[in-house]
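Down below is the structure, laid out as structure tokens.
Number of protein chains: 2
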Amino acid sequence: MFIEVGISARHVHLSRKDIDILFGKDYQLTVFKDLKQVGQFAANEKVEVIGPRSAFKAIRILGPERKKSQVELSATDCIKIGVPVVLRDSGDHRETPSVKLVGPKGTVELEGGVMVASRHMHVSTTTALKEGINNGDLLCAEIPGERAVVFSNILARVDETYVDELHLDTDEANASFVKDKQKVEIYKCQK
Amino acid sequence: MFIEVGISARHVHLSRKDIDILFGKDYQLTVFKDLKQVGQFAANEKVEVIGPRSAFKAIRILGPERKKSQVELSATDCIKIGVPVVLRDSGDHRETPSVKLVGPKGTVELEGGVMVASRHMHVSTTTALKEGINNGDLLCAEIPGERAVVFSNILARVDETYVDELHLDTDEANASFVKDKQKVEIYKCQK
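Structure below.
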């Protein structure tokens, strides 16, 4: 099957509590652009992300609010700002490094939540049934072209609210020259 | 077969003429560290590399001198300084972008020579004979681990002076978590 790639640049998810501190009590994030996954959006708001070595002046926030704030960086980004490179599934903050966030109204010292996101693919229930994919399966994606690559260990996440989309980060895009919205071949990894 | 990976960070090769301008007439590069390929070395000297959008303050020079100056960047680096991402085999400067180099004694406006280097593997004649590899063959490299990847389109360069080594850049390393000097499995790509 061929699935569309969505390339994730560095971004931040914020909890209600942290939005209150960074942007002011009861502040509501505003929509810059809707994302492919229903209800998810890139916000107009950005925060500064400060690591031990250096900082990113303005990283975009993705909404809606999450239970815990989370900073998703590429490995290149982690090295630049001086935090360890830790690969995690979104939401899994075990032994993840911390950074400081600075907004227009305040500052938050995170306790963990900084990660390189594991490769994953959002799969609609319809596609999962049709293609025989189960939640948690590991898939492979073949990127053709002059910098051809096969990415393994892509975690299938099946949900009826999901739109089919393979999420890769900017390091993976720059290593393979895959483009945002490119359709690539996906298959179950042979072991 | 298993071959050692050498990860190339951004670097510059300089011609005699450009060393004369950047460092002074007849200046000789000095050895910071010998590289795995015989006669190749990382120099103590660095230059500033200025692109249309931003600059790298100090990029290391690799010696010895080359016929033409060449700047090897990752795609991430190209995007950062604002030059097009152009994949080329080393030495092939057709339609490559340009940057300005600044050294302690002068400035050079390159005419092309900025590239993302194509994946390639140095293969000794001994290994080539043993493994049935011909100069120009395309090889695949399997990187195991949590961010497992297969890199295709690795150009085999066979020469009796070469030491077996797979060259990848920092984007490829950060996308796969392969480490410098890690031994990885190499095989002929199936088409």
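Chains Y and P supply the protein sequences, listed in that same order.
The working numbering applies: residue 1 is where the first sequence begins, and numbers increase by one.
The working numbering applies: residue 1001 is where the second sequence begins, and numbers increase by one.
Using N, Cα and C, we set each Cβ at its ideal position, and we do this for glycine too.
Nearest by alpha-carbon distance to residue i: which of the options is it?
i	options	result
glutamate 1095 of chain P	P:Phe1032, P:Pro1084, P:Ile1019	P:Pro1084
alanine 1055 of chain P	P:Gly1082, P:Ala1075, P:Leu1035, P:Glu1065	P:Gly1082
valine 99 of chain Y	Y:Val123, Y:Asp20, Y:Glu48, Y:Ala128	Y:Glu48
asparagine 1135 of chain P	P:Pro1144, P:Leu1029, P:Val1158	P:Val1158
aspartate 92 of chain Y	Y:Arg16, Y:Lys68, Y:Val31	Y:Lys68
glutamine 1190 of chain P	P:Asp1034, P:His1122, P:Asp1180, P:Ala1141	P:Ala1141
serine 1008 of chain P	P:Ser1090, P:Ser1015, P:Asp1026	P:Ser1090
arginine 1016 of chain P	P:Leu1062, P:Thr1170, P:Leu1129	P:Leu1062
isoleucine 143 of chain Y	Y:Ala117, Y:Asp34, Y:Leu101, Y:Tyr187	Y:Tyr187
leucine 138 of chain Y	Y:Lys130, Y:Arg147, Y:Ser152, Y:Val178	Y:Ser152
tyrosine 1027 of chain P	P:Glu1131, P:Asn1044, P:Met1115, P:Leu1129	P:Asn1044
glycine 1024 of chain P	P:Gln1182, P:Val1102, P:Ser1176	P:Val1102
isoleucine 154 of chain Y	Y:Leu110, Y:Met121, Y:Glu111, Y:Lys80	Y:Met121
aspartate 1164 of chain P	P:Met1115, P:Thr1125, P:Glu1111, P:Ser1176	P:Thr1125
lysine 1105 of chain P	P:Phe1032, P:Lys1046, P:Val1178	P:Lys1046
Would you tell me roughly how many angstroms separate the C-alpha atoms of residue i and residue j, rounded to the nearest one?
i	j	result
threonine 1107 of chain P	leucine 1022 of chain P	6 Å
valine 1071 of chain P	threonine 127 of chain Y	45 Å
threonine 1030 of chain P	valine 1038 of chain P	16 Å
isoleucine 19 of chain Y	tyrosine 1162 of chain P	56 Å
histidine 167 of chain Y	glutamine 40 of chain Y	14 Å
cysteine 1078 of chain P	proline 1052 of chain P	10 Å
isoleucine 50 of chain Y	alanine 1156 of chain P	42 Å
proline 64 of chain Y	leucine 1087 of chain P	38 Å
serine 1118 of chain P	arginine 1010 of chain P	13 Å
isoleucine 133 of chain Y	aspartate 180 of chain Y	23 Å
arginine 1060 of chain P	histidine 1013 of chain P	9 Å
alanine 75 of chain Y	arginine 1147 of chain P	11 Å
glutamate 1160 of chain P	lysine 1036 of chain P	14 Å
glutamate 4 of chain Y	valine 150 of chain Y	15 Å
alanine 1042 of chain P	glutamine 1182 of chain P	20 Å
phenylalanine 32 of chain Y	valine 1116 of chain P	33 Å
valine 1178 of chain P	glutamate 111 of chain Y	28 Å
glutamate 1185 of chain P	serine 1176 of chain P	14 Å
Does the beta-carbon of residue i have 16 or more other beta-carbons within 10 angstroms, so that it is buried, or is it exposed?
i	result
phenylalanine 1002 of chain P	exposed
proline 1097 of chain P	buried
alanine 1058 of chain P	exposed
asparagine 174 of chain Y	buried
glycine 1113 of chain P	buried
aspartate 1171 of chain P	buried
aspartate 1169 of chain P	buried
leucine 129 of chain Y	exposed
aspartate 1034 of chain P	exposed
In three-state terms, what does DSSP make of residue i?
i	result
phenylalanine 1177 of chain P	coil
threonine 107 of chain Y	strand
glutamate 1160 of chain P	coil
isoleucine 1007 of chain P	strand
aspartate 169 of chain Y	strand
alanine 1117 of chain P	strand
isoleucine 1133 of chain P	coil
alanine 1128 of chain P	helix
arginine 16 of chain Y	helix
lysine 29 of chain Y	Looking at the sequence shown, residue 29 of chain Y is not lysine but leucine. Leucine 29 of chain Y falls in the coil class under three-state DSSP.
Relative to the ligand COA, is the shortest distance from any of its heavy atoms to the C-beta of residue i smaller than 7 Å?
i	result
aspartate 1171 of chain P	This structure does not include the ligand COA; it has no bound ligands of any sort.
Quiz prompt | Within the stretch 32 to 81 of chain Y, ranges of the beta strand (DSSP E) (whole runs, at least 3 residues) | solution = 41 to 50, 55 to 63, 70 to 72
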